Structure formats: C-alpha cells, structure tokens
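To start, the structure itself, in structure tokens.
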Amino acid sequence: MAVFHADLAARSVPRYTSYPTAAEFTETVGAAEHRAALDALRPNDRISLYLHIPYCHEICWYCGCNTGPVGRASRLDIYVDALVAEIGVVADRARGRVSHVHFGGGSPNALSPDQFERVVAAVRAGFRFTPDAEWAAELDPRHLDADFCRMLAGNGVSRVSLGAQTFDLGIQAKINRLQPFRMVARCVEDLRRAGIAHVNLDLMYGLPGQTLDTIARTVRQARDLAPDRVAMFGYAHLPRMLPRQRMIEDSQLPDAEARFWQSILARDLWLEEGLRPIGFDHYARPDDTLALAAANGKLRRNFQGFTDDDADAVIGLGASSISLFPGLITQTEKHVGRYRMKVQNGCLGTTRGIRRSVDDQRRGAVIERLLCDGRVDLVELGWPPAVAAQVMADVAPKLAPMLERGLIRRHGTELIILPNGEPYARLAAAAFDTFRAAAGDRFSKAV
Ligand code: SF4
120 MAVFHADLAA RSVPRYTSYP TAAEFTETVG AAEHRAALDA LRPNDRISLY
170 LHIPYCHEIC WYCGCNTGPV GRASRLDIYV DALVAEIGVV ADRARGRVSH
220 VHFGGGSPNA LSPDQFERVV AAVRAGFRFT PDAEWAAELD PRHLDADFCR
270 MLAGNGVSRV SLGAQTFDLG IQAKINRLQP FRMVARCVED LRRAGIAHVN
320 LDLMYGLPGQ TLDTIARTVR QARDLAPDRV AMFGYAHLPR MLPRQRMIED
370 SQLPDAEARF WQSILARDLW LEEGLRPIGF DHYARPDDTL ALAAANGKLR
420 RNFQGFTDDD ADAVIGLGAS SISLFPGLIT QTEKHVGRYR MKVQNGCLGT
470 TRGIRRSVDD QRRGAVIERL LCDGRVDLVE LGWPPAVAAQ VMADVAPKLA
520 PMLERGLIRR HGTELIILPN GEPYARLAAA AFDTFRAAAG DRFSKAV
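So the number in our numbering is just where the residue sits in the sequence shown, counting from 1, plus 119.
As structure tokens, then:
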C-alpha cells in the first residue's frame, strides 16, 4: 500500500539519465576530449547512436526538450546538411559496431521522408552494424501520415514512440497539444500496417487540470492501442528555466499529493493490464525486450530513460545531443547556427561535458542499479569492501528518513528499495550523488 510522504515527494532530485547529470557539465571539456574518447573505442565495442532533430511543427508548452519551430522549409534542409557532415566526421573516427540507432528530438517526423532518408543513408554509409541492430524513432502523431510510416519501415525502423501525453482534450488545450484519440489510433494503425512491429506510447501525469479520472480514462484508451511499452513521465514544471512553460498556470497544476496518487493509479492500471513495471516510470509487455532485460538484471538507464540498450558508449549526433563514454560525458553545441558552423568546418560540435572519475563511475553504477533493479550491493559492483562500507556510512544520514518509514532496507553494503519505497526511488539514488548538496530547485520533484 503506497503512502504519500509530503516532505519526501516535495524534494527536487534529478531523473538520473546520467551520473554526473547534465547540470554538472562545464566548458572545461570540449572537442579534444570528445575526439580522444571516440578514438579510444575498440572495433568490437557496441555503440549506440542518438540523432537529435531539434524542430517541431508546433511547440507544446510543457516541453523541456531542446527544440524550436520548423519555420521555413529550407531550415530543415540546412540542418540535415550539417547533421550529415557531423555523421561523416564522427564515423571517420569511431570504431566499434552500432547496435542501436535512436532518432529523437524535437520531432524526427518534422523532417520530410527525403530528409529522413538522407540521414539514414549517411549513418549506414559511415558506420558498421551488429546483425541485431535496432532502429527506433520518436514521433509526433499530429504530423505523421501513412507515407512516412512506410518510409520508416523501408529504412529498417522497427520501433517507434508516439508522444500521446493525455487523451483529454481539455488538458491538451492547456498544454498546446491538440491531438484527439482517433488521430493517435490512426497513427498506430498506419505504423502497424507499414510493418513497424513495436509501438510505444509516452504519457504524462501532473499536467494542468489532470485528475485521477482523466488519468484513468487516458490509460483505458491507451490500453486499446495495445502498446508494447508505456512511459508515464511526471511533468516537471520549471518555468524559470524553461520560458515556454510560463504559458502553463501554476494554479492549474495538481499539487504534490495529487501527482503522487496519479502516478500510483497509472501504475496500478498498467499492472492490471498485465504490463510489467520497469524502473519508476516505464511499463512493458512481458514479452517485450525491455521487460526481459528487467527480469534478467540487464536493464540500463541512459538519456532515453530505461532501456535494454547494452552499448558500451552512446554517441550523440545533432545540436545539443549528449555522448556517453565510460570516462567522459560530452554535449554538442545547443544553438543550431553555431552547431552548423562547427560541424560544417569538419570539427566536432562539442562545447561542454564532464570527465567521469572512477568514483563517479562507481556511484553512477550504484544509482543505475538502484533505479533499474530496486537493489544494489556496492561490493557486488566491484567496490573495495572498506570503501563500500565507508560510503554506506556516509549516506546513512541521507537515507535515514526512508529507512525509518520502512521504504528501504539495508544489510551491510546492500540497499533494497521496498515496494512502498518505489515511488521515492530517485531519492534513495540521490543519497549517493556527491554533487547534490547545493542543487536548489533545478530538478523535478521526487514524485
Ligand atoms: S512535439 Fe515533443 S519535442 Fe516537440 S514541442 Fe511537443 S513535446 Fe516538445
């Protein structure tokens, strides 16, 4: 039985799609470090490619992504020229074999079919692939037609994520994202008819005007689309950092307790449907590779959220994209104009990042296992026993509020998140984060 703890739910903590998080990136890391990390990849390393398309036809007010309006059609051609140039520069250096390609954004279907195919051709020409490489794309249902679906399937895309968020038209109006259920249902039909086997849905809780009733109705409608996976993200309202969110009135937002029960209801309804819980905000059919990875302790967490992608490195391509190597995280220039200048001159577009010390990598592994498995033992992860014991002693005061309320359990160097503690998993992870002391309110609420 879930219990709402106001003091815990109100705390601001990262989503930990990396550790250290992007908030720790600085300009002391740049193209030279990125180049060295690419050069260090070995021929048999598995690599994952993330391609960022920072454009959308319409901008949703809740959006926290790096994206802007499409505007003139030539803007996209110019961006694709730059992206193809960057793919060439990176592919010339990076050895290794690509096991996963993910198009995100923004909206990859802001591109025309021809533009999308140009990017695919550049990726195929530049890199080597594993036989099981998966191609996936995030799509905006408002601008998706059957031709685009066929083009995706023809280019090997076998998994897509549709941004649905909510099927309540009143809430859609409050977030500037009008897309009736029948529109999304038609997209799902077009995708499946084109031969795209796996369709995921992205939904949200904590949106303006959202209630338990609207959550329940949305989940019931979403169920009829038989998604392979569902991501149920909590809306992070950070209007000081994201000006477009100022269009959303604070007074319309559910409070911390309402958000908590919305997330619990969504979880209960998806479990009733037979989906398996994956981490703190994903659900998957039992036969989906994400559920299988979770069952086998192979679930991972990266910039796309919970994933079964087991690559040794993630290479980001496109403005603002992030690359992840064992000892380094880098980010490419966010400003599209400056990004183009850099990559069209044959340079990497890297502008910032962070070196990951051995301690960062160990803590990152603890945070990842806690969020993916709900359990971690520092010694099993390879920490020297004395160091592990010291770290557990150091984090004990931070974990005490969760321990006292029966949300977690500790045995020596092992930490377990109990079923009641699952909604607060990110708080347990944050105890191991050495950067958080002065973070303030830069992150979403814990629930
Ligand atoms: S379509 Fe997606 S990326 Fe584009 S503005 Fe809306 S939420 Fe953001």
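Every residue gets a Cβ at the ideal spot worked out from N, C-alpha and C, and that includes glycine. Small disclaimer: the values here were computed from a predicted structure and weren't measured.
Regarding residue i and the ligand SF4, is the C-beta to nearest heavy atom distance less than 6 Å?
i    : result
D259 : yes
G282 : yes
T285 : no
S226 : yes
C182 : yes
I367 : no
I441 : no
I178 : yes
T140 : no
C175 : yes
T136 : no
T186 : yes
Measuring CA to CA, which of the options is closest to residue i?
i    : options                : result
Q423 : A121, W180, F222       : F222
C466 : V242, D479, E452       : E452
F144 : Y458, S439, N539       : S439
N464 : D200, I166, K417, T147 : D200
R529 : A512, P542, Y543       : A512
R475 : A156, F379, F235       : A156
I172 : V279, V189, G149       : V189
D332 : G289, I197, G398       : G289
V510 : R481, R488, R494       : R481
E541 : G275, I367, I397, H219 : I397
R296 : V122, Y543, E177, G493 : E177
T147 : D479, Q450, L258       : Q450
F246 : G207, G225, Y198, C175 : G207
C184 : F444, Y169, S226       : S226
Who are the Cβ neighbours of residue i in its own chain at under 6 Å, not counting the five residues just before and after it?
i    : result
A125 : none
E205 : L436, V462
R269 : A313
A410 : R395, A403
T470 : E452
Residues in the same chain with beta-carbon distance under 7 Å from residue i, minus the five sequence neighbours each way, listed in chain order, please.
i    : result
Y135 : R420, I486, L490, R545, A548
I334 : Y324, Q381, L384, A385
G525 : L537, N539
R154 : R212, L467
S277 : E253, W254, I315, A316, H317
A159 : none
G416 : D492
Which term fits residue i, buried or exposed, when burial requires 16 or more other beta carbons within 10 angstroms of its beta carbon?
i    : result
A550 : buried
T426 : buried
M360 : exposed
A505 : exposed
M521 : buried
V477 : exposed
A292 : exposed
T186 : buried
Q298 : buried
Q371 : exposed
D233 : exposed
T337 : buried
Would residue i and residue j qualify as a contact pair, given that the criterion is a beta-carbon distance under 7 Å?
i    : j    : result
G501 : Y138 : no
L388 : Y354 : no
Q329 : P373 : yes
L281 : P260 : yes
V238 : L202 : yes
F248 : V209 : no
F286 : N228 : no
W180 : R311 : no
A413 : R165 : no
L497 : T553 : no
I434 : I473 : no
R214 : P162 : yes
L320 : V349 : yes
F379 : A128 : yes
V279 : A256 : yes
L322 : A283 : yes
E523 : F123 : no
Apart from the five residues just before and just after residue i, which ones in its own chain have a Cβ nearer than 8 Å to its Cβ?
i    : result
G393 : R404, P405
R365 : P358
D309 : L263, D264, A265, C268
A304 : D343, L344
M302 : P260, R261
A508 : G531, T532
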